[in-house]
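Okay, structure first, notes after.
In the working numbering, the protein residues as written are 1 to 324.
Written as structure tokens, this is what we have:
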């Protein structure tokens with residue numbers, strides 16, 4: 001018994017950036033990118049496709065699928081690290097766009113694990129306030145936070161948004177359990193600065209700019225091991241075998257991480273939903289975009305057991321189980 005997902009939605013920007021397009025920007029090639037990441041294309045935001053607008057469109061589609069109106073939403077949680085403003089929150093902009101006047105709203109930043117953390121927050125809230133409806137969104141415009149001269153990062157990331165509507169139901173379906181972690185001691189392997197400080201006492205002499213910086217090999221090493229551990233621990237606590245999972249939706253980071261993780265946990269490949277080839281790494285948006293695609297393609301049916309997992313800057317990581 002817990003938070004049941006009533007509907008899903010997603011939104012991708014119109015512009016498609018191919019590997020061949022990137023060949024004109026940095027020293028790379030389609031073959032090099034494909035062999036290392038599995039990514040062929042990614043979506044890049046244009047005019048009027050800010051983070052909150054992608055989020056709002058995804059939310060409307062989830063609301064339509066759930067047959068929920070804006071007035072019925074009580075809480076909006078937005079997972080993002082690329083809001084177009086630091087204040088107000090992206091969630092407040094979404095609330096205004098939707099006209100969800102009865103909802104309070106806030107942002108949550110756990111990098112690529114953001115949606116996982118936000119979903120858990122929504123579940124915990126609904127276990128106390130059981131008459132509420134919650135909108136949970138993962139949304140990013142990472143194209144605005146990329147150094148387009150750094151081929152190690154600019155080939156990876158894309159823009160997009162995904163959303164779900166949740167409510168509590170006295171039903172075996174819903175969030176079965178979550179297993180979430182953070183380790184701030186490893187922040188310098190994957191991070192992004194804010195704008196330079198206007199207080200000279202807090203100014204950094206070596207400020208690299210407000211874009212993503214990453215030690216790719218080290219992140220790979222930690223990511224696979226961390227997600228594997230979170231998954232095994234969660235399944236053990238719930239007394240569930242990996243063979244009982246009907247569908248797994250991992251964070252779409254890159255194909256090498258996904259293949260290694262799938263091999264390590266021993267799940268059948270056909271049970272793993274992968275769309276990284278189309279959208280790249282959309283950080284907090286990656287799982288809800290994939291969830292919406294899987295749902296609309298009929299990959300999820302009532303009572304299916306769904307496993308989701310992620311790893312991101314912080315470091316943050318974890319896994320969750322849902323009964324559909």
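Ideal Cβ placement from N, Cα and C applies to all residues, glycine included.
Residue j beta carbon less than 8 Å from that of residue i
i, j, result
"residue 257", "residue 224", "yes"
"residue 122", "residue 166", "yes"
"residue 302", "residue 324", "yes"
"residue 6", "residue 42", "no"
"residue 55", "residue 137", "yes"
"residue 291", "residue 249", "yes"
"residue 59", "residue 163", "yes"
"residue 262", "residue 272", "yes"
"residue 238", "residue 279", "no"
"residue 13", "residue 159", "yes"
"residue 188", "residue 37", "no"
"residue 3", "residue 222", "no"
"residue 100", "residue 76", "yes"
"residue 319", "residue 227", "yes"
"residue 247", "residue 304", "yes"
"residue 10", "residue 161", "yes"
"residue 274", "residue 242", "no"
"residue 45", "residue 143", "yes"
"residue 193", "residue 208", "yes"
Local conformation of residue i per DSSP, three classes
i, result
"residue 176", "strand"
"residue 281", "strand"
"residue 347", "Here the chain has residues from 1 to 324 only, and residue 347 is not among them."
"residue 45", "coil"
"residue 25", "coil"
"residue 32", "helix"
"residue 245", "coil"
"residue 76", "strand"
"residue 209", "coil"
"residue 93", "helix"
"residue 196", "coil"
"residue 214", "strand"
"residue 117", "helix"
"residue 69", "coil"
"residue 273", "coil"
"residue 8", "strand"
"residue 186", "helix"
"residue 220", "helix"
"residue 181", "strand"
"residue 52", "helix"
"residue 236", "helix"
"residue 300", "coil"
"residue 155", "coil"
"residue 62", "helix"
"residue 289", "helix"
"residue 268", "coil"
"residue 203", "coil"
"residue 150", "coil"
"residue 100", "coil"
"residue 38", "coil"
"residue 313", "coil"
"residue 254", "coil"
Opposing strand residues paired with residue i [DSSP bridges]
i, result
"residue 86", "DSSP lists no partner for residue 86."
"residue 169", "2"
"residue 140", "160"
"residue 16", "43"
"residue 308", "249 and 320"
"residue 107", "78"
"residue 191", "213"
Nearest to residue i (by Cα), restricted to the options the options
i, options, result
"residue 174", "306, 18, 260 and 32", "306"
"residue 67", "8, 180 and 80", "8"
"residue 240", "130, 322, 85 and 143", "322"
"residue 102", "71, 191 and 156", "71"
"residue 112", "243, 212 and 247", "212"
"residue 210", "190, 218, 220 and 176", "190"
"residue 171", "158, 53 and 130", "130"
"residue 310", "192, 120, 196 and 207", "120"
"residue 40", "242, 99 and 156", "156"
"residue 73", "84, 91 and 86", "91"
"residue 178", "116, 207 and 44", "116"
"residue 20", "201, 34 and 10", "34"
"residue 96", "65, 53 and 128", "53"
Any C-beta of chain D under 8 Å from that of residue i
i, result
"residue 175", "No chain D appears in this structure, which consists of one protein chain only."
Exercise for the section: Taking 8 Å as the threshold, find out whether the stretch 90 to 108 comes into contact with the stretch 152 to 162 through three or more Cβ pairs. Expected result: Here the stretch 90 to 108 does not lie against the stretch 152 to 162, with fewer than 3 beta-carbon pairs under 8 Å apart.
Practice task
Specify whether the stretch 182 to 192 and the stretch 306 to 322 touch according to this definition: at least 3 beta carbon pairs, one from each stretch, less than 8 Å apart.
Solution key: As far as the Cβ criterion goes, the stretch 182 to 192 touches the stretch 306 to 322, which means the pair count is three or higher.
Exercise for the section: Take every Cβ of the stretch 64 to 84, pair it with every Cβ of the stretch 126 to 145, and state whether three or more of those distances are shorter than 8 Å. Expected result: Judged by Cβ distances under 8 Å, the stretch 64 to 84 makes contact with the stretch 126 to 145, as three or more pairs qualify.
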